[in-house]
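Worksheet: one structure, shown below.
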Amino acid sequence: MKKNLPRFKILRIAIGSLIVLFGLTGLTPDLQAQNQVITGTVVSEDGEALPGVAIRVQNTTTGTVTDVDGKFSIEIVEEDAALVFSYVGFKPQIILVSGRTNLNITLEEDITQLSEVVVIGYGTQKKSHLTGAISKVTNENLEQLPFARVDDALVGQVSGVQISSTSEEGVGSDPTILVRGVGSINGGSGPLLVIDGAPVDSEFFGNIDMNDIESFEILKDAASAAIFGSRGANGVIMITTKEGKEGGVKFTYNGFAGYQEGYKSEYFQTSINDHVAFELANNEFVSDGTRIKQLLGDTDWEDIVIDGGYVTSHSLSARGGSQRTKYSTSLSYLHDEGVLLIDDFKKYNFKARVDTKVSDKFSLGFNINPSYTKRRRYTDALRQMVRQSAPWLPERHTARTLQFVNSDDFPDLQVGDYVWQSHFDDVTVRDVFFDDNGNIAGFNEFESGSISNTGNAGPLQRILERETIDERLKVYGNVKANYKINDDFSLKSNITVTFQDLLQTVYRGTESTNFAGDALARERNQSRLRFVENLFVNYSKDFLGHEIDAVLGVAGEQEIDRTTEFEGNGFTNDDIPRIEGATNIFLREGYTRERRLISFIGRVNYAFKDRYLASVSVRRDGSSIFGSNTKYGNFPAFSLGWRVSEEGFLSGSSVLSNLKIRASYGVTGNDNVNLPIPVQEFYPYLPILRSEPTAVEGGTAQTFNPINIANNNLRWERSIEINPGIDFGLFDNRINGSIEYYRRTSDDLLLDVPVSSTTGFTTSFLNIGEVRNEGIEVNFKTFNMNRSNFKWSTNFIASTNENTLTDFGDADGTVFTPSDGSDRNTEWIASVGNPISNFYGFVYESDVPIEFRARPFEIIGSKSQEVYVKDLNGDGIINDDDRTILGNAYPEFIWSITNEFTIGRFDVSFMFQGSHGAETRNIADLEGFSLSLGANATTAEAPRSEFLRPRVLTSDIIQDASFVALRNLNIGYTLPGNILEQFKIQSARVYASASNLLYFHADNFTGWNPESIRQGGDFTPITYGYNRGGSPIVRKVVLGVNINF
Amino acid sequence: MKAIFSKTLVIFSVIVISSCDDYLEPEPISFISQEFFFADDDDLDVGILNIYDGLQGDNDQQIVDFRSTQIEYMLTEMRSDNARARGGGDATSDFQQFEVYEVNTNNIIVQNYYESMYNVIFRANLILDNLDAATEERRGAFEGEAKFVRAYVYFQLVRLFGPVPMPLRVISPDDDAAIAFTRVATDVVYAQIIEDLQVAVENLDNQFKTRASKAAAQALLAKVYLTLAADGQMALYEEARLLCDEIITSGEYELMNDYGEIFTIEKNDEIIFAIDYIENNELTSQNFSWETSDLGDRRLNYTTENIRSVWDVREETVRDVRLASIIDGQFMNTKYSTNNPTGPLQSGNDWIVLRYADVLLMYVEAVLAGGSVTNNATAISYYDAVRSRAGFLLPSLSITKAELLEERRMELSFENQRLFDLIRFNEAINVLSAHADATGGQFQNTDLLLPIPQNERNLSGDFNMPQNPGY
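Chains as they are written, first to last, in this note's numbering: chain A, 15 to 1059; chain B, 315 to 785.
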């Protein structure tokens, strides 16, 4: 019945094209003519040999690189040839051979790196010729930053890119990455990740090893990202991995080890003594319940849960190669224990890459990178721990605490058992008192009453008896072939296969709650296979001052996801804490989904006289995700640049050494569809029938259940962006930088919109609305000192972002009430003219006087559940009309400043980073320590009770999320060469690296991490900024060593 | 070189060609696309079952998924003098507004029921739109089943909400706003119901009890006629009588000897149409048996003092379904006590829509034809058959309208009949105002209709969907 589709046609064709290219190589004669050999050495101004300098005979393809000692040897055909020497970080030199056979070259350092080459997606471009907004981050010392994931290390490195540790689940969690603000309302706002030219899923950020990375290139404006078409709308982060260099094998070891601790908030540091003092001040006596609590002890629960941890990393690589074949292989291990009680992250990584020139015209490359990570999540928000614990509550029972247990209700407790609050309910404690002679004079009896505020199991067991473990195996494999047709044309083809196997096991043990029957196990198994095939023709030509670089190609992509999920219960013990141990399987789910993409890509980069620059690109994407009316989309882009400083009237200016004016325009798309039913995400336009059982005539039969409305007009979210900018260099480029403005308008946003239920459904997935992001980005880099024994440079980046919802159709003004699983359902509003997400609620006026609080000591700091709110419209009553916008979680201004010093053999760098203008809806401390019911508990109704609203719905919990942090501090010492030579070591550097040594947040912030934001479930970009405590800020110090031998 | 270019060109063009159609439409394997699904009788068979699945509703403790029939008692029985929430009436609780007639326009149960019912109509229309896939011999039966359910749903909607939107095909949110938001006059809705039921009567037989049958369509049509006849179309009483007579004389249905077994033995001889549930499966079970007992979260559909006093006065023993709660001694009703005591959240008791006793009493109602008394012998014999099973063996000499109404109350309590009976007998305003006075409710004549859910009206935009009076 079903058609058997040619599933991998594109793949087969691409493989075929590779084979054809292989075949072609056999046909190509390797032309060699009469040669002359030139030898020589390349050194830096300091006289140090420079290995790996590229040497090319001008206007030919002949080339070589210097060896470890900076020596080279190259054959030339014509005696009057010119050699071009180029090396990253140095100014290129062109030397006429003029009959010489030996050349000693000194390269001059290029502090501006204008000659630098930037990866731009399906090609490269000189940095000086860029007309879009592309930031490059070269991995100089990033691998020495003690981060478990590579995206964490990018924090503060790129203007306009906001990377926030929003997660609640501890180490290894993915941060939220926003390039120039949020442009989608559906959840898919993260940038596209591309590794060595192939789009991969963003989880590779957690699996790839920083030691293998050569550079990051971030395509920020739409003109640059348009080359990635339907997935470029949120920006693109491209990772280029290291390749081998010509010369003997070179080993590099990089390793560090250190300790980390979590930031603790003073708002949670409380003692039973504080409470006694509080009761005395307000009541002038201490209640019975509190006296009993005093006897139980004083536990710092924050200290127990935020317990710190070690971090270790080892990485060993071997790189080298001959003139024809270069190889690079590495092995690494990382273990980060996180700062929370149970979180843990391990990563194993292996990579091998070989690039070989089969002939002068044909080259091949292979790259394989398997990695494995094992992560234990911290599954409860920190808030939960605080809610369940109290300073008087011991961790586990001791002989002492057992004396106070209500043995009628809990007869079987033993030393070492977990403690629940309710263990101590309704007990009577007899306190003996003595007369002056030391004789027993009598007894005081204390009744604890109901001193618990929860009947739940103790906080410790909720954490320790639950585990969620993600084991992720990822393999990245790539084969590429380049064929040089002639000097102008070349053909490139590559195939990338990525594979992921994720096994997520969840176990909630028999002691994880107060009812053993709650124990359950869940297992989720997901495999994801993705193929990416590219075939490109490149044309590159320099003539009479014209430089043309053009590319034309096709790309195909297929992804197949398979997921199965089982959930079972019926555990009576914890001996087999996996789904296999369950005696009842009550949930079986799974799906297979597939998506495909076909793209036609063309681009021309043009430069005239090195000063007039233009770039035009177009991409046409066909996607299986959308319906027949909208399968194809076009993504054009163009940009212009003028290097004013190259003009005659500015040459010789002693002040202005570089000036470029540029502007770009581009269109990009976003096909990242997030829907509650994952299988639907790949077929959002199809009306889906799902298999379900139904009762019929006393039996059960299979039926197919319609779950949505067809929408053949569903299309990409589209972004259009303009981006003018200026690049400049002053005083011989001692000061250089750029300033740019962007304005991105995203429309056709994908949203599940409420529709009339007479259609059979209450929502329908539609394109609706428009959002605008605009801002300014600045980059400054200054070389304050540049002497051979003292160098000092400063890098400053800053960006602003203003996010505005400009159209929301009929849904304008919709109030969203995401559920966090408790009854604290706060409100957000989507309203045109405001940001995409806004906290909504009442404006706090004042607290309820203490005498009217039903449980005056229950809430932390004696806060009441309800507060008086302002009657905004002055109509004398508080109703829904008195709600207003209370803030949003998007920062308006983010910046970082990095200083780097090199003093002799020492180097020091540090980065401060800041974020301003965001708010957070912090409920972490809303229900704090349950100290007591209070002796003067009252049921008296507070005056003006009609003006009371729950505190959680008011501006009182909207806090300033701004912060300034000393993100990184890195101090290194390079060992002198003479010591190392004895050990055959080429170079060695020892370093100490620290993160978040200083962290300043706003005075009114009371949580652990102002960046923490609950996401997923009901929480979308429209309902953004809900802070349940999250994972605390991590302060980390490591010692490391980097050895080359 | 030329060879290379031409080979490259070939590779390119092959890729370009291969990009057509198929490549960008990977066939889903984990689900079926409705666009291509309905191809033959087998597909329609499966689709038909899905209509009943909609009528069964989702078993969910929240009022989020389509709850359908599982929450119907709140909109019907709890607005009558039979039922109350354990906590009593409360204008601020969506669950407790009904019994005090202070139903909010945002009431989530009203909204959920409205939404669920249109979801069932969508499922029925989906089949009706795809009837061309059927073979000639099956087509009629498919059409009959789909139209029976559609008519049943519109009958519920028009009685609860008055004029309602009436999509008769699958409609799109973009193009069919006029259908979605136009409230169609009740006589037009009734005409459609009658037309649909007539198709069902013609095309169905009596092989099913939890799927549509000829008798079910006849019984439902009889009730529709009685409803319209009570509203002035007197000629329809005779039509209703003929339909009841046809069911009765067919000999396919009979009264159970034991009243209690009607509800404990499923698909028994008395059942004409029931909504099927199977216990111990979240996807096929119901939880109203749990929710209306003292096991439930909300403990609804408890007996009122009013009905208990009638049971007492009449000395009803068989049909007195009260049961004292072990929690506080209040009285639940036992009619749908869970058949799954170990897992009451997933109960399997079928919900009875039409049963033979109802048809016998409808016959009497048709013979009464709006009059105040009858001594028609056939009517009396049917009436006495129902009474004698309940232990009232003394033969009747005549039947008054009031006696019939009370007999129906006794026989069919907690079966979601009482409110509609009161309206049909034109006693609703008297009885419910008195009931409200006794229980602190705020009954107004306009409370006989529920409000159109505010959410629908908010979405109606320029169509400005009107609200029922009194809300």
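Here a beta-carbon is modelled for each residue, glycine too, at the ideal position from N, C-alpha and C.
Would you say the region 627–638 of chain B touches the region 551–559 of chain B, given that touching needs at least three Cβ pairs under 8 Å? no
Whole-angstrom distance between B/R738 and B/D277, CA atom to CA atom: Since the first residue shown for chain B is 315 and the last is 785, residue 277 of chain B is missing from the structure and cannot be characterised.
Under three-state DSSP, which class holds A/N248? As a first step, residue 248 of chain A must be located in the first sequence, where it is residue number 234. If DSSP states are grouped into helix, strand and coil, A/N248 belongs with coil.
To test your reading of the DSSP string, which unbroken beta strand (DSSP E) runs of 3 or more residues are found completely within the region 557–640 of chain A? 560–583, 598–622 and 626–637
Compare the C-alpha of B/R453 against each of B/Y504, B/L482, B/A491 and B/V513 and name the closest. Counting from 1 along the second sequence, the entry for residue 453 of chain B is found at position 139. Minimum Cα distance to B/R453 is reached at B/V513.
If you check the beta carbons only, do A/V51 and A/V67 fall under 8 Å apart? By one-based count along the first sequence, residue 51 of chain A stands at place 37. By one-based count along the first sequence, residue 67 of chain A stands at place 53. No, the pair does not count as a contact, with Cβ atoms beyond the cut-off.
Could you name the residues of chain A that B/G775 contacts, counting a contact when the two beta carbons are closer than 9 Å? For the purposes of this step, residue 775 of chain B is taken as residue 461 along the second sequence, with counting starting at 1. Under the 9 Å cutoff, chain A gives D824.
By DSSP, does B/L550 sit in helix, in strand, or in coil? Residue 550 of chain B sits at position 236 when you count from the first residue of the second sequence. Looking at B/L550 - three-state DSSP - the assignment turns out to be helix.
By Cβ distance below 7 Å, which residues in the same chain neighbour B/F351 in space, the five residues on each side in sequence not counted? On the second sequence, position 37 is the one that residue 351 of chain B refers to. Same-chain partners within the cutoff: D357.
What's the C-alpha gap between A/L764 and A/G901? For the purposes of this step, residue 764 of chain A is taken as the residue at position 750 of the first sequence. For the purposes of this step, residue 901 of chain A is taken as the residue at position 887 of the first sequence. Computed Cα separation, rounded: 24 Å.
Would you kindly check if the distance between the Cβ of B/A494 and the Cβ of A/S778 is under 8 Å? Numbered from 1 along the first sequence, position 764 holds the residue referred to as residue 778 of chain A. Numbered from 1 along the second sequence, position 180 holds the residue referred to as residue 494 of chain B. For A/S778 and B/A494, no; Cβs fall outside 8 Å.
So B/P364 contacts chain A; which residues on that side make the cut at Cβ distance below 9 Å? By one-based count along the second sequence, residue 364 of chain B stands at place 50. Note that residue 364 of chain B is Asn in the sequence shown, not Pro. In chain order: L703, E706, T708, T717, F718, N719 and P720.
Neighbourhood of A/G113 by C-beta distance below 7 Å, restricted to the same chain and skipping five residues each side: Taking the first residue of the first sequence as position 1, residue 113 of chain A is located at position 99. These residues qualify, in order along the chain: E93.
Ranges of the alpha helix (DSSP H) found wholly within the region 367–423 of chain A, counting only runs of at least 4: 396–402 and 413–416
Quick check for students: name the residue ranges of the alpha helix (DSSP H) that lie wholly in the region 382–443 of chain B, counting only runs of 4 or more. 386–389 and 422–443
Going along the chain, which residues of the region 333–348 of chain A sit with their C-beta nearer than 8 Å to a C-beta in chain B? none
Which word fits B/Q756, buried or exposed, when buried means at least 16 other C-beta atoms lie within 10 angstroms of its C-beta? Residue numbering aside, residue 756 of chain B sits at position 442 when the second sequence is read from its first letter. With fewer than 16 other Cβ atoms within 10 Å, it is exposed.
What would DSSP say about B/L369, mapped onto helix, strand or coil? By one-based count along the second sequence, residue 369 of chain B stands at place 55. Helix at B/L369.
Spatial neighbours of A/A167 in its chain, beta-carbon cut-off 7 Å, leaving aside the 5 residues before and after: The residue given as residue 167 of chain A occupies position 153 in the first sequence. Result list for A/A167: L156, L159, F161 and M224, in chain order.
On the criterion of 16 or more Cβ atoms from any shown chain inside 10 Å, does A/H560 qualify as buried, or is it exposed? Counting from one through the first sequence, the residue named residue 560 of chain A turns up at place 546. It counts as exposed.
Using 8 Å as the limit for Cβ to Cβ distance, is A/P65 near chain B? Position 51 of the first sequence, counting from 1, holds the residue named residue 65 of chain A. No, because no Cβ of chain B sits closer than 8 Å to the Cβ of A/P65.
What first and last residue would you give for the beta strand (DSSP E) that runs through B/Y670? On the second sequence, residue 670 of chain B is found 356 positions in, with the first residue counted as 1. From DSSP, B/Y670 is part of no beta strand (DSSP E) but of the alpha helix (DSSP H) over Y670 to L682.
Measuring alpha carbon to alpha carbon, tell me which residue in A/S403, A/Q428, A/A240 and A/A404 is nearest A/A413. As a working note, residue 413 of chain A is residue 399 in the first sequence. Ranking A/S403, A/Q428, A/A240 and A/A404 by Cα distance to A/A413 puts A/Q428 first.
Answer yes if the region 611–619 of chain A comes into contact with the region 581–600 of chain A, meaning at least three C-beta pairs across the two stretches below 8 Å, and no otherwise. no
Same chain, Cβ closer than 6 Å to A/A979, five either side skipped, listed in chain order: Working through the first sequence from its first residue, we reach residue 979 of chain A at position 965. Only Q927, N1010 and Y1013 meet the Cβ criterion.
Is the CB of B/Q370 under 8 Å away from at least one CB in chain A? As a working mapping, residue 370 of chain B is identified with position 56 in the second sequence. Yes, because at least one Cβ of chain A sits closer than 8 Å to the Cβ of B/Q370.
Roughly how many angstroms lie between the CA atoms of B/W665 and B/Q375, to the nearest whole one? Within the second sequence, numbered from 1, the residue matching residue 665 of chain B stands at position 351. Within the second sequence, numbered from 1, the residue matching residue 375 of chain B stands at position 61. Whole-angstrom Cα-Cα distance: 18 Å.
Are B/T598 and A/T717 close, meaning C-beta to C-beta below 8 Å? Looking up residue 598 of chain B in the second sequence gives position 284. Looking up residue 717 of chain A in the first sequence gives position 703. No, Cβ-Cβ distance for B/T598 and A/T717 is not below 8 Å.
Checking the sheet assignment: what are the DSSP bridge partners for A/L144? For the purposes of this step, residue 144 of chain A is taken as residue 130 along the first sequence, with counting starting at 1. DSSP output for A/L144 lists no bridge partner at all.
Residues of chain B with CB under 9 Å from A/V693, in chain order? By one-based count along the first sequence, residue 693 of chain A stands at place 679. What A/V693 touches in chain B: P342, S344 and F345.
Which stretch, first to last residue, makes up the alpha helix (DSSP H) that contains B/Q348? Along the second sequence, one-based indexing puts residue 348 of chain B at 34. First-last of the alpha helix (DSSP H) with B/Q348: Q348 to F351.
Kindly indicate which residue of A/W1022, A/G1021, A/G1043 and A/F1019 has the alpha-carbon position closest to the one of A/Q1029. In the first sequence, residue 1029 of chain A corresponds to position 1015, counting from 1. The residue with the shortest Cα to Cα distance from A/Q1029 is A/G1043.
Helix, strand or coil at A/E537 according to DSSP, with G and I counted as helix: Looking up residue 537 of chain A in the first sequence gives position 523. Looking at A/E537 - three-state DSSP - the assignment turns out to be strand.
First and last residue of the uninterrupted beta strand (DSSP E) at A/Q1060: Chain A is shown from 15 up to 1059; residue 1060 of chain A falls before or after that span and cannot be answered.
Answer yes or no: do A/A1016 and A/L396 have a C-beta to C-beta separation smaller than 8 Å? If you number the first sequence from 1, residue 1016 of chain A lands on position 1002. If you number the first sequence from 1, residue 396 of chain A lands on position 382. For A/A1016 and A/L396, no; Cβs fall outside 8 Å.
Under 8 Å: do the region 448–468 of chain A and the region 360–370 of chain A share three or more Cβ pairs, one atom per stretch? no
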